[in-house]
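Visitor: Below is the structure I would like to discuss, written out as structure tokens.
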Amino acid sequence: MRWGAIMHDVHRAAGTPVFLDPRGRRRRWLVGYGLAVAVLCILYVVLLVAGLTADPVRPGGAESVEPPAERAPRPAEVGVSR
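Residue numbers (our numbering): 22 to 103.
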């Protein structure tokens, strides 16, 4: 076959549809599921950004958190009476 004949066959085949969906059911199905996936992705990103930018929540509220002690006493420093 010559190159021109091959290209003619390719152009002729490219003009015909791969499948025919005259009612548009497949398109509506794909658009619906595409929108659902897009909404889920957007919600995930919103939750991710909110989680990264929010202050941490501590149990009991912020008032119950005490500052750490200067230094914990060592066992040798604690007076042991016998």
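For every residue, glycine included, the Cβ atom is placed at its ideal position computed from N, Cα and C.
1) What does a CB cutoff of less than 6 angstroms around residue 65 pick up in its chain, not counting 5 residues either side in sequence?
2) Within the continuous alpha helix (DSSP H) that includes residue 60, where are the two ends?
3) Roughly how many whole angstroms lie between the Cα atoms of residue 45 and residue 77?
4) Suppose you measure from the CA of residue 42 to the CA of residue 57; what does that come to, to the nearest Å?
Guide: Once the coordinates are examined:
1) Counted from its first residue, the sequence shown places residue 65 at position 44. Excluding residues within five positions, none has a Cβ falling inside 6 angstroms.
2) Numbered from 1 along the sequence shown, position 39 holds the residue referred to as residue 60. From DSSP, the alpha helix (DSSP H) with residue 60 extends over 46 to 74.
3) Counted from its first residue, the sequence shown places residue 45 at position 24. Counted from its first residue, the sequence shown places residue 77 at position 56. For residue 45 and residue 77, the distance between alpha carbons rounds to 49 angstroms.
4) As a working mapping, residue 42 is identified with position 21 in the sequence shown. As a working mapping, residue 57 is identified with position 36 in the sequence shown. Approximately 22 angstroms, taken between the alpha carbons.
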